[in-house]
Amino acid sequence: GINAEYGGLYEEKPQCGAFLCDLIETLEGDAPLEFFEAFLGATTDDDAFQVIEDHIFTPLMEWNCDCTLDVLDTFMGCKSNMGEAKILSVNMAGLAGIDTNAPYQKGKGFNAFWSEFIDTTIPWSSIRTVVDRFTANVCSNDNRGDKCYS
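Residue 42 is where the sequence shown starts when you use my numbering, and the numbers rise one by one after that.
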């Protein structure tokens, strides 16, 4: 299932398999305060953009280059089991105010409709191709030896 797939990715590449937990920990930790202190302390536009690059853009692009394809491939390997995902829980949807018996579901249950939609309707192979090309271009080295995103 989904947990096992991402568990395997976590064991192989912890920085990739635990990305959601790491993001939550980062947002709950000191990083947002450090960012805002540095951003508010910037005295020029260049300084402000450097803070954004250092605190947001570069870490995001490093993660993208290291992990995006692995996470996407892991997801594609388990998307048919999406009905097991807690995010598709009828209780969660109800709390979010989502109509779990909407007419567009055509009599299918909420989990069944959305797991089938995610698995069969979204053009995953095309998305994989686009993401692969994007990361190949952005994560390659430029003529100075830097990553193209830097």
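The beta-carbon is built from N, C-alpha and C at its ideal position, and this holds for glycine as well.
- Nearest in C-alpha terms to Lys188, of all of Ile159, Asp107 and Phe158, is Asp107.
- The Cβ-Cβ distance between Trp104 and Phe60 falls below 8 Å.
- Distance from Thr176 to Leu68 at the Cβ level is roughly 24 Å; contact not present, criterion being Cβ atoms closer than 8 Å.
- Met102 places its beta carbon 8 Å or farther from that of Val171.
- In the DSSP assignment, Asn182 forms a beta bridge with Lys188.
- In its chain, beyond the 5 residues on either side, Phe154 have a beta carbon closer than 7 Å to the beta carbon of Gln146.
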